[in-house]
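Going by UniProt numbering, the first residue of the sequence shown is number 1, and it counts up by one from there. The next block holds one structure in the form of structure tokens; read it before the comments.
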Amino acid sequence: MTDLLRSVVTVIDVFYKYTKQDGECGTLSKDELKELLEKEFHPVLKNPDDPDTVDVIMHMLDRDHDRRLDFTEFLLMIFKLTMACNKHRFCQIGMKSWAIKRCLGSIWIQYQWKTSI
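Now the structure itself:
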């Protein structure tokens, strides 16, 4: 499998890893989103322990206002992060993994979910 296809499968696997916790397999509840953010994005969240962080992110992504994130809404977060990384030339040839993480962290802090999706 190519790197890109493996990455696509990883995004899908991560989504469903967290959606299975409350019995509704196809959507993320607020608690499931909180756990996903804490475990998958903790190193790049500006205020990971702030209870408002998950509320702000849920509000920005929950397009149908059902208080749950479906896969499409989850992909908005992944897409937004990918676009921010691309805009800041995070994918430079030869960039070390530690440099990528540092760049990703600064991008996440800068964007803070304030731009529209």
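For glycine and all other residues, C-beta sits at the position ideal for the given N, C-alpha and C.
Closest by C-alpha distance to residue i, when choosing among the options
i	options	result
lysine 39	Thr72, Tyr18 and Ser29	Tyr18
isoleucine 12	Val54, Gly26 and Thr53	Gly26
aspartate 66	Ser29, Lys20, Ile57 and Phe41	Ser29
glutamate 24	Thr53, Pro48 and Arg68	Arg68
Element boundaries [alpha helix (DSSP H), containing residue i]
i	result
cysteine 85	71-87
residue 118	Any question about residue 118 goes unanswered here, given that the chain covers just 1 to 117.
proline 51	51-61
Cβ-based neighbour list, residue i, same chain, cut-off 6 Å, excluding 5 preceding and 5 following
i	result
aspartate 31	none
aspartate 70	Thr27
glutamine 112	Unreliable placement is indicated for glutamine 112, whose pLDDT of 47 sits below 50; no coordinate value is reported for it.
Counterpart residues of residue i in DSSP-defined beta bridges
i	result
threonine 27	Asp70
Other residues of its chain near residue i: CB distance less than 8 Å, five sequence neighbours each side excluded
i	result
leucine 5	none
isoleucine 78	Val11
Same chain, Cβ closer than 7 Å to residue i, five either side skipped, listed in chain order
i	result
valine 9	none
phenylalanine 15	Phe71 and Phe74
arginine 63	Glu73
glutamate 35	Tyr18
Residue i: CB within 7 Å of a non-hydrogen atom of the ligand NAP
i	result
threonine 53	Among the ligands in the structure shown, none appear at all, so the ligand NAP cannot be discussed.
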